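Written out below as structure tokens is the structure these notes cover.
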Amino acid sequence: MDLKPQDLLVLLKVAAHPPQRWTYAALGEALSMSASEAHASVKRAVASGLAVSPERGEWSPVRPSLLEFMLHGVRYVWPATAGPAKRGVPTSFGAEPLAGRVTAAAGEAPVWAHPAGSAKGPTLSPLYRTAPQAALADPALHRLLALLDALRTGRAR
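Using our numbering, read the sequence shown as starting at 40 and increasing by one per residue.
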């Protein structure tokens, strides 16, 4: 069973809110996907070892495995592709927590193209098509996705 980008989005959403228990319907709604897509993502994550399911209906991400995959694998499996400058949601070093640590000229920080975006800059392909919308609704998820994009670009700044 091959992992898909939405599987990592589901894992990051749950990892961003550790004490919360998620139903597949609530997870799907929060990430703008169907409950069956969320369920399939969890099944693939468990099969790959990025999540564990000790009991039926219960599951959680395996944080050390997730971190290792993010640090060493994501940039090769789902690399970020750059595009032309557009308005969008800040990501990578243009969003917190890196925005406060890395200085960038105006219009240089990458964004996910999105009509509700607050910045203009070169576009980066999001991990999954619904990631920008989910990030706008959840600041904790936005921070994790921004850090992931910094890893996906694979360049020193």
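C-beta atoms are modelled at their ideal positions from N, C-alpha and C, and glycine is treated no differently. Since the structure is predicted, the reported quantities are computational estimates derived from the model, not experimental observations.
Contacts around residue i, its chain only, beta-carbon distance under 8 Å, and the 5 residues preceding and following it disregarded
i    : result
A54  : P100, R102, L105, L183
A86  : M40
W117 : P44, L47, L166, R191
Spatially closest choice to residue i from the options, by CA coordinates
i    : options                : result
L137 : L187, S164, P58, A121  : L187
S71  : R191, L175, R95        : L175
W151 : A134, V141, A143, T142 : A134
S75  : D46, L180, Y63         : Y63
H153 : G67, R168, R83         : R168
L42  : A179, A121, A77, P171  : A77
P57  : W98, G139, G88         : W98
Residue range of the beta strand (DSSP E) that includes residue i
i    : result
P123 : 121-129
Host alpha helix (DSSP H) of residue i (start-end)
i    : result
V150 : Segment 150-152 is the beta strand (DSSP E) holding V150; no alpha helix (DSSP H) there.
Own chain residues within Cβ distance below 6 Å of residue i, not counting five before or after
i    : result
L46  : Checking the displayed sequence, the identity of residue 46 turns out to be Asp instead of Leu. Answer for D46: S80, R83, A84, listed in chain order.
R126 : G156, K159
Residue i burial status per 10 Å Cβ neighbour count (16 or more: buried)
i    : result
L110 : exposed
G146 : exposed
T120 : exposed
P129 : buried
Nonlocal neighbours in the same chain, by C-beta distance under 7 Å from residue i, ignoring five residues either side
i   : result
G67 : S73, A74, E76, A77
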